[in-house]
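Heads up: the sequence shown begins at 203 in my numbering, then just goes up one per residue. Heads up: the structure comes next, in structure tokens.
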Amino acid sequence: MTTFFYRHAGRMRLVALGLACTVAPLMLAGCDPVSLLESPKKAAEDAVPRESAGWAFEGMPSASTYVLSAGGGAITVTPLGVIIPVSGREVQALGASASNPFTAVQAEALAGEIAAYVSNRLAGRTLALFPEPKKGAPVQALRIALGDVPDIAHELAEKGYAAVAPDAPPHVESACAQRQQSAYDRELGLWRPQEPLSNRLSVEVEARLGAAVRDGVAARNAKPAGRFHSDDLFTSPSGSKAFSAESGASVGMKCGAMVKLSLSGPPRAYDVTVVFEPRVRAQENSGPLSSFKNATLPPVDATLRLSGGEATNLPVEYPVVDLNRVYRADRVAVYTGHIITGYKVTVSADGTPVRTAEGSFDQDDTLRALGR
């Protein structure tokens, strides 16, 4: 026997507590108190209801609410951690939270599709619940199993017919997250876009052109790169094609763009590629500006991964393009190289072109940078 003393109101009181008071009722109930103390985990496991295989599907009157029957009685079951919408209002609420708004007509159509699938899948089948519900009261089932499907909620999430609830327990979230991601990627059910990608992908292009900086110094009025050959493109007043340069200059021009991207709709991720192609006029030999012709240069690209509901900026830079000039002895200028006159930006998602933007640059910007 264990004895405790304590003081109260200035008097000593004695309280005797006997372990027999605790042990005796357990022994009378046929329990082994020692095993309870030694193995609480086993006792808890023994108290968990086992699966039953006797439930039939009766209907789904509202979101995430099954009515099941067995032995002449009916119960209402709410799957734990998932939302299964069966009305247009419920679909619209989930669509809004997933940045995938549905019109009333679209929402009603999808709700009918989900309800029909659930009914066709479960009607006339025998279901197992775990844990087993008690006394026909509304319950939350950890699992509603159907044949070789351990949880019907997993199947619905993979088809886009169910969404993981914000307050889902970790074990439910981990079980359904990958299946829901599969529905995202395939744009199924609740994640089915209500508008084409071209309407959901917003593209803004801020293009720029300026003199390049080399070794910290703007590349202008430097020694011309390479030798000029006027050939038959320009003939001096004296009739001679040969000339001696009195002065020369070159400038490296750099163009690029900041591309602002914004994607609305369901949270599927796309591989977005931005291709930047400069528009140029070129003269491979040398001659007056009037001798320059339209030419092409290879494009450059940049890629990122963008999901619905995200916005980002993607810079694209083109390598430096040179323009050179010399003055002939008769003070006539001849040029060689490239002049950037504009650009074209093409945005693709998963390899499919979605948007194109084009613009122009003033030729005088390059000539001013050259020191004209």
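Yeah, the Cβ is synthetic: ideal placement off N, Cα and C, and Gly gets one too.
With H, G and I counted as helix, E and B as strand and the rest as coil, what does DSSP make of Ser264? For the purposes of this step, residue 264 is taken as the residue at position 62 of the sequence shown. Three-state result, Ser264: strand.
Please list, in chain order, all residues of the same chain as Val320 whose beta carbon is under 6 Å from its beta carbon, the five residues on each side excluded. One-based indexing of the sequence shown puts residue 320 at position 118. Taken in chain order, the residues that qualify are Met262.
On a CA-only basis, which of Phe563, Thr278, Glu310 and Asp566 is nearest Glu576? Give me that one, please. Any question about residue 576 goes unanswered here, given that the chain covers just 203 to 574.
Using a Cβ-Cβ cut-off of 6 Å (strictly less than) and excluding sequence neighbours within five positions of Ala272, which residues of its own chain qualify? Along the sequence shown, read from residue 1 onward, the residue named residue 272 stands at position 70. Correct list, in chain order: Gly256 and Trp257.
Given this structure, state the Cα-to-Cα distance separating Lys361 from Ala571, to the nearest angstrom. As a first step, residue 361 is located in the sequence shown; it is residue number 159 there, counting from the start. As a first step, residue 571 is located in the sequence shown; it is residue number 369 there, counting from the start. Spanning the two alpha carbons is a distance of roughly 59 Å.
Do the CB positions of Ile316 and Ile346 come within less than 8 Å of each other? Taking the sequence shown and counting its residues from 1, one reaches residue 316 at position 114. Taking the sequence shown and counting its residues from 1, one reaches residue 346 at position 144. Not in contact: Ile316 and Ile346 (Cβ atoms no closer than 8 Å).
Please report the residue range of the beta strand (DSSP E) in which Leu331 lies. Looking up residue 331 in the sequence shown gives position 129. Where Leu331 is concerned, the enclosing beta strand (DSSP E) stretches over Thr328 to Phe332.
Taking Cβ positions, are Leu463 and Leu516 nearer each other than 8 Å? Taking the first residue of the sequence shown as 1, we reach residue 463 at position 261. Taking the first residue of the sequence shown as 1, we reach residue 516 at position 314. Taking 8 Å as the Cβ cut-off, Leu463 and Leu516 qualify as a contacting pair.
Distance check for Gly274 and Thr280, CA to CA, integer angstroms please. For the purposes of this step, residue 280 is identified with residue 78 of the sequence shown, where counting begins at 1. For the purposes of this step, residue 274 is identified with residue 72 of the sequence shown, where counting begins at 1. Those two C-alpha atoms are separated by around 20 Å.
I'd like the span of the alpha helix (DSSP H) that includes Glu389, first residue to last. Working through the sequence shown from its first residue, we reach residue 389 at position 187. Here Glu389 belongs to no alpha helix (DSSP H), and DSSP marks it neither H nor E.
Nearest to Pro500 by CA position, among Gly511, Val482, Arg507 and Leu491, is which residue? The residue you call residue 500 lines up with position 298 of the sequence shown. Checked all of Gly511, Val482, Arg507 and Leu491; the closest Cα to Pro500 is Val482.
Residues of its chain near Arg385, where Cβ-Cβ distance is below 8 Å and the 5 sequence neighbours each way are ignored: Translated into positions along the sequence shown, residue 385 becomes position 183. Before going on, a small fix: residue 385 reads as Ala here, not Arg. Hits under 8 Å: Ala359, Glu360, Lys361, Gly362, Gly391, Leu392 and Trp393.
Residue span of the beta strand (DSSP E) that contains Val477, given as start and end: Here residue 477 refers to the residue found at position 275 of the sequence shown. Ala471 to Gly489 is the extent of the beta strand (DSSP E) around Val477.
Have a look at Pro368, Pro398, Ser376 and Leu411 and flag the residue whose alpha-carbon is nearest the alpha-carbon of Gly561. For the purposes of this step, residue 561 is taken as the residue at position 359 of the sequence shown. Among Pro368, Pro398, Ser376 and Leu411, the Cα nearest to that of Gly561 is on Leu411.
What is the DSSP secondary structure of Glu247, counted as helix, strand or coil? Within the sequence shown, numbered from 1, the residue matching residue 247 stands at position 45. Its pLDDT being 38, under 50, Glu247 is placed unreliably by the model, and the measurement read from it follows with that caveat. Note: Glu247 maps to helix in three-state DSSP.
Can you grab the Cα-Cα spacing for the pair Gly510 / Val528, in whole Å? On the sequence shown, residue 510 is found 308 positions in, with the first residue counted as 1. On the sequence shown, residue 528 is found 326 positions in, with the first residue counted as 1. Approximately 53 Å between the Cα atoms of the pair.
Quick check on DSSP: helix, strand or coil for Tyr529? In the sequence shown, counting from the first residue as 1, residue 529 sits at position 327. Three-state result, Tyr529: strand.
Taking all protein chains shown into account, do 16 or more other C-beta atoms lie within 10 angstroms of the C-beta of Glu397, making it buried, or fewer, making it exposed? Within the sequence shown, numbered from 1, the residue matching residue 397 stands at position 195. It is exposed - the Cβ of Glu397 has fewer than 16 other Cβ atoms within 10 Å.
Measuring alpha carbon to alpha carbon, tell me which residue in Ala414, Gly283, Val366 and Val549 is nearest Tyr472. In the sequence shown, residue 472 corresponds to position 270, counting from 1. Out of Ala414, Gly283, Val366 and Val549, Val549 has the C-alpha closest to the C-alpha of Tyr472.
Hey, Tyr537 and Cys457: beta-carbon distance below 8 Å or not? Locating residue 537 in the sequence shown gives position 335, where the first residue counts as 1. Locating residue 457 in the sequence shown gives position 255, where the first residue counts as 1. In this structure, Cys457 does not lie closer than 8 Å to Tyr537 by Cβ.
Where do the N-terminal and C-terminal ends of the beta strand (DSSP E) with Ser404 fall, by residue? Sequence index remark: in the sequence shown, residue 404 carries index 202 (1-based). Residues Leu403 to Ala413.
Mind checking His373: buried by the 16 CB within 10 Å criterion, or exposed? In the sequence shown, residue 373 corresponds to position 171, counting from 1. Looking at its Cβ environment, which holds fewer than 16 other Cβ atoms inside 10 Å, His373 is exposed.
How big is the Cα-Cα spacing for Val523 and Pro469? Taking the sequence shown and counting its residues from 1, the one referred to as residue 523 is at position 321. Taking the sequence shown and counting its residues from 1, the one referred to as residue 469 is at position 267. When rounded, the distance between both Cα atoms is 40 Å.
When the Cα atoms are used, what is the spatial distance from Ser299 to Ala367? As a first step, residue 299 is located in the sequence shown; it is residue number 97 there, counting from the start. As a first step, residue 367 is located in the sequence shown; it is residue number 165 there, counting from the start. Going by the C-alpha atoms only, they are around 11 Å apart.
Identify every run of the alpha helix (DSSP H) within the stretch 335-366, keeping only runs that are complete inside it and at least 4 residues long; order them along the chain. 354-360
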